[in-house]
Every structure is written in structure tokens, then in C-alpha cells.
Amino acid sequence: MAARLTREFYARDTLTVARELLGKRLVRLYEGVRLAGHITEVEAYIGEDDRASHASPGPTARNAPMYGPPGYTYVYLIYGVNHCLNVVTEREGFPAAILIRAIEPLEGLAIIQQRRGPQHPPTDLTCGPGRLCAALDIDRRLNACDLCAPDALLWLEDAAPLPEAQVARSPRIGVRGDQVALDARWRFYIRDSAWLSGSRSFNRRWED
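Next up, the structure:
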């Protein structure tokens, strides 16, 4: 079993952490069973100047975890339906987090399939932040969870770093804000992965 990522891993530049999260293993302990997979796609949100970030209005009750210590979760609900999992980065007091958009499921596949429904093919189970959270039973109960705590129900494990040839960057998907926010290539993903939330044509556009 691989070592868990430490607080020091998260307490760094957000774009560096986002790039290095690719290939790491996200683990959810669900009723004593590991549900886990390799991270294939992430998006970074950095500071109050990032108009696409929940922190752009300043501190609120909702975005409080983004201002907290690194290595904690920020889980929120969108459209009243889908939960999204973020990991908090950089120093305490500076709002930065990385949205986990997709994983390649590797452990607990039977439970993941059951939670998502038999109608979904394997590559559709955990592609997209809402699907990922539904598959792994991640909701607001896990907001502000310490990923580094020994008794955590959710954590990330280390893995061999991916070579640059396997990594691509693009603008973030579905964000709002000014043109800077729309153009920022702060989405990182694994080239040619079958487990991505972006369309094939969109992803191919940024891989050359």
C-alpha cells in the first residue's frame, strides 16, 4: 500500500500540486472497503483574483475551507444535485484549491458500479466531478476533512510521477468569470485517458 500524501505536499504552489496530482490515487473508505482510483483530471482555483473561484467574493461560510490549512477538503453542492471534491493547497489564509474532476477506478469496482447504476459503462462511472462523488459516496459530510489524518475516511496516496509527455493542459471547463479566468490553462489531464470529463474533440485541441 502506497504512502499517503503529506501536508507538505499540499502546502505548495497550486499549479505545481495540480500537475503532480495526476496519477496519484484517491481513496475513499466506504463501509470498510477501499473505493479508489488514479486521478486523471484536475482543475486549479487560485486566490480571490481568480474570478472563476468561489473565493472571488472573499471569505464566506461556504468557501471557508479554502482559506484553511492545506491538505483539507472543500466539498460543495452545485445545482442542488452534484457534489464536487476539492483539495486545499498553499498557505493557511490564502484561498486555493484543486477540483478533482475524474479518476480511473481501480478498487471497489463492484460497489462503484452499484452506486452509479448498471446502465453506466466503466468509463462513465467516475468521469466528471459529480459522477466521481456519487460513485465514491462523497458529499458535504466530508467537507473540511483532514486528508492527512490517520483516521480519515478520504485520503490520497502517492504514486510514481507521470512523465511530461503524458500530461496536457487546457482552460477549465464550464467556468464563469472574466477573460483571464476563462483563458487560464489551469486544467491538467492525462493524455488519451478514457476517464476524462472533457469531450474528445476539446481535449485533442489542447494536446498538440
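Take 14 as the starting number for the sequence shown in our numbering and just add one per residue. Positions of the beta carbon are idealized from the N, C-alpha and C atoms, including for glycine.
Note the first and the last residue of the continuous beta strand (DSSP E) segment covering residue i.
i	result
Ala110	Ala109 to Glu120
Leu169	Leu167 to Glu170
Leu34	Looking at the DSSP string, Leu34 is not in any beta strand (DSSP E); the run it does join, the alpha helix (DSSP H), is Thr27 to Leu34.
Tyr23	First-last for Tyr23: Arg20 to Tyr23, but that is the alpha helix (DSSP H), not the beta strand (DSSP E).
Arg198	Premise fails: Arg198 is in no beta strand (DSSP E) and is neither H nor E.
In the DSSP output, what is residue i paired with across the bridge?
i	result
Gly50	Leu39 and Pro118
Cys146	Answer is none; Cys146 lacks a bridge partner.
Leu90	His96
Ala57	Ile111
Cys140	Ala115
Ser183	Arg200
Arg129	Bridge partners of Arg129: none, in fact.
Taking buried to mean at least 16 other C-beta atoms within 10 Å of its own C-beta, is residue i buried or exposed?
i	result
Ala79	Residue identity differs from the one stated: residue 79 is Met in this sequence, not Ala. Flag for Met79 reads buried.
Val30	buried
Glu44	exposed
Tyr23	buried
Ser212	exposed
Ala194	buried
Ser214	exposed
Thr27	buried
Gly71	exposed
Pro83	buried
Val40	buried
The alpha helix (DSSP H) that contains residue i, what's its start and end?
i	result
Cys97	Not the alpha helix (DSSP H): Cys97 falls in the beta strand (DSSP E), residues Asn95 to Val101.
Asn76	Element bounds for Asn76: n/a, residue is neither H nor E.
Arg213	Arg213 to Arg218
>> Would the region 153-168 count as touching the region 82-95 if we require 3 or more Cβ pairs under 8 Å?
In response: yes
>> Does the region 44-57 come into contact with the region 113-129, if we say contact requires no fewer than three beta-carbon pairs (one atom in each stretch) closer than 8 Å?
In response: yes
> Is it a yes or a no for the region 54-73 touching the region 122-139, going by three-plus beta-carbon pairs under 8 Å?
Replying inline: Touching, no.
>> Below 8 Å, how does it come out for the region 31-42 and the region 169-177: are there three or more Cβ pairs, yes or no?
In response: yes
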